[in-house]
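K.L.:
Next up is a structure, given as structure tokens.
In the UniProt record's numbering, the protein residues as written are 1 to 304.
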């Protein structure tokens, strides 16, 4: 299925949120909540793409069947007006291929493939792993480079090799090496997306197409406006938005684990999210109080 918001220079759209997975109070998948949240993120928070079943979607603790159901639910809710990118990355190449095929069957527009984690493959292993995933379907692939969690960065040389593959088209970067990213962009056709909300604006300055955000759950519209202003030449306006949102980024990304604070933030807004699954734990009362202050300081309007 073709992406409804992709362009040649932004194949998955520009403003994407890595969506949490709503659960019911007893921890089951909340199908209606998934669709309500996806609709809110697209229609009210101005996302033109959503990433589902990434780590922010608690992919380590959702089943393969749940992952496929989530894709179908989100595609049904917003797939006509937003790009739906499905997480298919694991540290097992065979399992990743099966997830990629399931995502294609479920109607996803693209795949997110994270670096295999924990087993620390060499660069040749990364190259063969990502190539095998990209070969498995007809979907475009966004690589996810986040060595802080996987322990292994994707080297610039490996990215350059992978860029030759016709379906490996983008990188979600949470490595933070803007110089290396700029070099890869200059040498290849790969599109970069900021995968770390703390450096969204700097990534735009070196040529990134947009963001795959977590704080987009609550300030997606503002981030979309930051992208619009920067691309129109209003750099001062983009910087003003970036500065205004600093407390929101700090509150969601530094108080505790990001999924925990995102679901707490959604609860403060009266939106779907529900609890987290172990080994994550729900935010404490003190963490929620601090988060509330951060959100208000960043201009987020909370009910009441």
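Beta carbons are placed, not taken as given, at the ideal position from N, Cα and C, and that holds for glycine.
1) Please look up how many angstroms separate the CB atoms of residue 184 and residue 167, rounded, as I've assumed it's under 8 Å.
2) Can you name, in chain order, every residue of its own chain whose Cβ lies under 6 Å from the Cβ of residue 35, other than the five neighbours on each side?
3) When the Cα of residue 24 is compared with those of 291, 274 and 283, which residue comes out closest?
4) Quick one: complete beta strand (DSSP E) runs, 3+ long, within the stretch 239 to 297?
5) In whole angstroms, give me the CA-to-CA distance for residue 245 and residue 83.
6) Who are the near neighbours of residue 119 in its chain, counting only those whose CB is closer than 6 Å to its CB and skipping five residues on each side?
7) Counting Cβ pairs, one atom from each stretch, are 3 or more of them under 8 Å apart for the stretch 229 to 246 and the stretch 274 to 284?
8) Where DSSP assigns a beta bridge to residue 15, which residues make up the other side?
9) Taking Cβ to Cβ, would you say residue 192 is nearer than 8 Å to residue 180?
10) Can you have a look at residue 163 and say buried or exposed, based on whether 16 or more other CB atoms are within 10 angstroms of its CB?
11) Can you give me the C-alpha to C-alpha distance between residue 258 and residue 109, rounded to a whole angstrom?
12) Quick one: residues in its chain with C-beta nearer than 6 Å to the C-beta of residue 99, no 5 flanking neighbours on either side, listed in chain order?
13) Could you name the residues that DSSP lists as bridge partners for residue 194?
14) Is the distance from the Cβ of residue 62 to the Cβ of residue 41 below 8 Å?
15) Answer yes or no: do residue 150 and residue 93 have a C-beta to C-beta separation smaller than 8 Å?
16) Taking a contact to mean a Cβ-Cβ separation below 8 Å, would you say residue 47 touches residue 304 in this structure?
17) With a 10 Å radius around its C-beta and 16 neighbouring C-beta atoms as the bar for buried, classify residue 122 as buried or exposed.
18) Using alpha carbons as the reference points, say which of 68, 196 and 202 lies closest to residue 325.
19) Which residue from 299, 253, 301 and 128 puts its Cα closest to that of residue 287?
20) Give the secondary structure of residue 65 by DSSP, where H, G and I count as helix, E and B as strand, and everything else as coil.
21) Quick one: what does DSSP say residue 29 is sitting in, helix, strand or coil?
22) Quick check: residue 51 and residue 143, are their CB atoms within less than 8 Å of each other?
23) Mind listing, in chain order, the continuous alpha helix (DSSP H) runs of no fewer than 4 residues lying wholly within the stretch 65 to 111?
24) Could you give the C-beta distance for residue 264 and residue 217, rounded to a whole number, given that I count them as a contact under 8 Å?
25) If I measure Cβ to Cβ from residue 165 and keep anything under 7 Å in the same chain, skipping five residues before and after, which residues do I get?
P.N.:
According to the structure data:
1) Counting from 1 along the chain shown, the entry for residue 184 is found at position 184. Counting from 1 along the chain shown, the entry for residue 167 is found at position 167. Not really, about 17 Å apart at Cβ, beyond 8 Å.
2) The count along the chain shown starts at 1 and reaches residue 35 at position 35. Cβ neighbours of residue 35 beyond the five flanking positions: 73 and 77.
3) Position 24 of the chain shown, counted from the first residue, corresponds to residue 24. Checking every option, the nearest Cα to that of residue 24 belongs to 274.
4) none
5) On the chain shown, residue 245 is found 245 positions in, with the first residue counted as 1. On the chain shown, residue 83 is found 83 positions in, with the first residue counted as 1. Spanning the alpha carbons of residue 245 and residue 83 requires a straight line of approximately 25 Å.
6) Taking the chain shown and counting its residues from 1, one reaches residue 119 at position 119. If we look at residue 119 and ignore the five residues flanking it on each side, its Cβ neighbours are 91.
7) no
8) If you number the chain shown from 1, residue 15 lands on position 15. 211, per the DSSP bridge assignment.
9) Counted from its first residue, the chain shown places residue 192 at position 192. Counted from its first residue, the chain shown places residue 180 at position 180. In this structure, residue 180 does not lie closer than 8 Å to residue 192 by Cβ.
10) On the chain shown, position 163 is the one that residue 163 refers to. Residue burial annotation: residue 163 is buried, with at least 16 other C-beta atoms found within 10 angstroms of its C-beta.
11) For the purposes of this step, residue 258 is taken as the residue at position 258 of the chain shown. For the purposes of this step, residue 109 is taken as the residue at position 109 of the chain shown. Taking C-alpha positions only, residue 258 is separated from residue 109 by approximately 25 Å.
12) By one-based count along the chain shown, residue 99 stands at place 99. A distance below 6 Å between beta-carbons, with the five flanking residues on each side excluded, links residue 99 to the following residues of its chain, in chain order: 88.
13) Residue 194 sits at position 194 when you count from the first residue of the chain shown. Paired residues: 173 and 211.
14) If you number the chain shown from 1, residue 62 lands on position 62. If you number the chain shown from 1, residue 41 lands on position 41. No, they are not a contact pair.
15) Within the chain shown, the letter at position 150 stands for residue 150. Within the chain shown, the letter at position 93 stands for residue 93. Contact flag unset, no.
16) By 1-based counting over the chain shown, the position of residue 47 is 47. By 1-based counting over the chain shown, the position of residue 304 is 304. Cβ atoms of residue 47 and residue 304: not closer than 8 Å.
17) In the chain shown, residue 122 corresponds to position 122, counting from 1. Residue 122 is exposed by the Cβ-count criterion.
18) Nothing can be reported for residue 325, as the shown portion of the chain is limited to 1 through 304.
19) Counting from 1 along the chain shown, the entry for residue 287 is found at position 287. Checked all of 299, 253, 301 and 128; the closest Cα to residue 287 is 253.
20) What you label residue 65 is simply residue 65 of the chain shown in a count that begins at 1. Note: residue 65 maps to helix in three-state DSSP.
21) As a working note, residue 29 is residue 29 in the chain shown. Three-state DSSP puts residue 29 in a strand.
22) The count along the chain shown starts at 1 and reaches residue 51 at position 51. The count along the chain shown starts at 1 and reaches residue 143 at position 143. Cβ atoms of residue 51 and residue 143: not closer than 8 Å.
23) 93 to 106
24) Taking the first residue of the chain shown as 1, we reach residue 264 at position 264. Taking the first residue of the chain shown as 1, we reach residue 217 at position 217. So it is not a contact: roughly 11 Å between Cβ atoms.
25) Position 165 of the chain shown, counted from the start, is the residue given in the question as residue 165. Cβ neighbours of residue 165 beyond the five flanking positions: 131 and 134.
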